[in-house]
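**Student:** Numbering (the numbering used here), first residue to last: 2 to 192. Backbone N, C-alpha and C define an ideal beta-carbon position, used for all residues, glycine too. Here it is, the structure in full.
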Amino acid sequence: MTGWITLGIILLILLALIFYIIVIYNGFIALKNNIDQNWGNIDVLLKQRFDELPKLIKVCEGYMQHEQKTLEAVVKARSMVNSARSDEQRMQAQNMLTDTLKSLFMVVERYPDLKADAVFRQLGNRVSEIEDQIADRRELYNASVTIYNTRLEQFPDVFVARAFNFDRRTLWEIDPEHRRDVEISFQHSLK
């Protein structure tokens, strides 16, 4: 009789352990799919931005004949986005494209006629709006990745993660250049 009770207890413990492993595994799958969904949401916006850029460049070309380097940098960055394959390459290419767009909008400040052009304003506002949405989605993506990566390291989840080869995901990080403190100086000429 005690043998059956012992066997029953062992089976109950084994079933509880299997159930617990299934719950942890399913939690990892849900987190992984959430990260993929967030990346897909970013991808939709990146595609919209990618599609808007040729129109914006076309409008700028007529006004900015002396700023060919800036326009070429945007075109080159757009091309890099198109050829990137891994998540890391895509993140780097997108960061480069964001930088070149900032440069483009800074150069535009020197062209009042271009700034006044209704088509440029509409396209520029659309690209800026998409940039804001991308920033929001990146934040959500990074939050999902952080939750996932944290679970990968937590006890006892770490054992299930290793057993089923769940790997860390990469956060979307900004270019280290953007972390530097901006130097602001006010120069007064005293007479």
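1. For residue 114, name the three-state secondary structure that DSSP assigns.
2. If you draw a straight line from the alpha carbon of residue 194 to that of residue 71, how long is it in whole angstroms?
3. Do you know offhand how far residue 38's Cα is from residue 146's?
4. Which value, in whole angstroms, describes the spacing of the CA atoms of residue 103 and residue 57?
5. When burial is assigned at 16 or more other CB atoms within 10 Å of the CB, is residue 50 buried or exposed?
6. Using three-state DSSP, classify residue 47 as helix, strand or coil.
7. Give a yes or no on whether 8 Å exceeds the smallest Cβ distance from residue 35 to chain D.
8. Nearest-angstrom Cα distance between residue 2 and residue 19?
9. With DSSP run on the structure shown, which of helix, strand or coil describes residue 147?
10. Looking only at its chain, what residues have a beta carbon closer than 7 Å to the beta carbon of residue 26, apart from the 5 residues adjacent to it on each side?
11. On the three-state DSSP scale, how would you describe residue 160?
12. According to the Cβ coordinates, are residue 1 and residue 138 closer than 8 Å?
13. Mind checking which residues open and close the alpha helix (DSSP H) that includes residue 168?
**Tutor:** Inspection of the coordinates gives the following:
1. Residue state, collapsed to three classes: helix.
2. Only positions 2 to 192 of the chain appear in this structure, which leaves residue 194 out of reach.
3. Rounded to the nearest angstrom, the two C-alpha atoms are 11 Å apart.
4. Those two C-alpha atoms are separated by around 13 Å.
5. Taking all protein chains shown into account, residue 50 has 16 or more neighbouring C-beta atoms within 10 Å of its C-beta and is therefore buried.
6. Residue state, collapsed to three classes: helix.
7. In the structure shown, chain D does not exist; there is a single protein chain.
8. Residue 2 and residue 19: Cα-Cα distance of roughly 26 Å.
9. Helix, per DSSP.
10. In its chain, beyond the 5 residues on either side, 161, 165 have a beta carbon closer than 7 Å to the beta carbon of residue 26.
11. Helix.
12. Since the first residue shown for the chain is 2 and the last is 192, residue 1 is missing from the structure and cannot be characterised.
13. Element bounds for residue 168: n/a, residue is neither H nor E.
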